[in-house]
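The structure appears below as structure tokens.
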Amino acid sequence: MAWSKIGKSDGLKQGKIKEYNINGKKILVSNMDDKFYAIDAICSHLGAELAKGKKDNNTIICPKHRAQFNIQKCQKRYYSG
Ligand code: FES
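Residues in the sequence shown are numbered from 1 upward in steps of one, following our numbering.
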């Protein structure tokens, strides 16, 4: 994937997440300790929008079936279903 400019770093405050559409693909960007991480904004289980999920430290919890995604490692951590 190529690099894409999405805005200025001060546009996303510490601890916040925001969804961006980059070339038709939804990406979730998080600012954690002024480091920026990006993951797919669509849950890999059944396609829920992770931006509607809950953020808990470095984890996004899917709003549908509560799969957990580690933002910093860009990987699924847990799925109870
Ligand atoms: S759609 Fe995300 S856990 Fe099922």
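All residues carry an ideal CB built from backbone N, CA and C; glycine is no exception. Just so it is clear, the structure is predicted and the values come from calculations on it, not from any experiment.
Taking the straight line between their C-alpha atoms, what separation do you get for residue i and residue j?
i	j	result
glutamine 72	glutamate 49	18 Å
asparagine 58	phenylalanine 36	12 Å
arginine 66	aspartate 40	16 Å
lysine 26	isoleucine 42	7 Å
aspartate 33	glycine 47	28 Å
For residue i, name the three-state secondary structure that DSSP assigns.
i	result
alanine 38	strand
aspartate 33	coil
leucine 50	helix
So residue i and residue j are in contact, right, with Cβ under 8 Å, and what is the actual spacing, rounded?
i	j	result
leucine 28	glutamate 19	5 Å
serine 4	asparagine 23	7 Å
serine 44	lysine 76	6 Å
How should residue i be labelled, buried or exposed, when 16 other C-beta atoms within 10 angstroms of its C-beta is the threshold for buried?
i	result
threonine 74	Looking at the sequence shown, residue 74 is not threonine but cysteine. With fewer than 16 other Cβ atoms within 10 Å, it is exposed.
alanine 2	exposed
glycine 53	buried
Among all residues, which have a Cβ less than 5 Å from at least one non-hydrogen atom of the ligand FES, and in what chain order do they fall?
-> One residue after another in chain order, those with a Cβ under 5 Å from a heavy atom of the ligand FES are Cys43, His45, Leu46, Ala48, Cys62, Lys64, His65 and Ala67.
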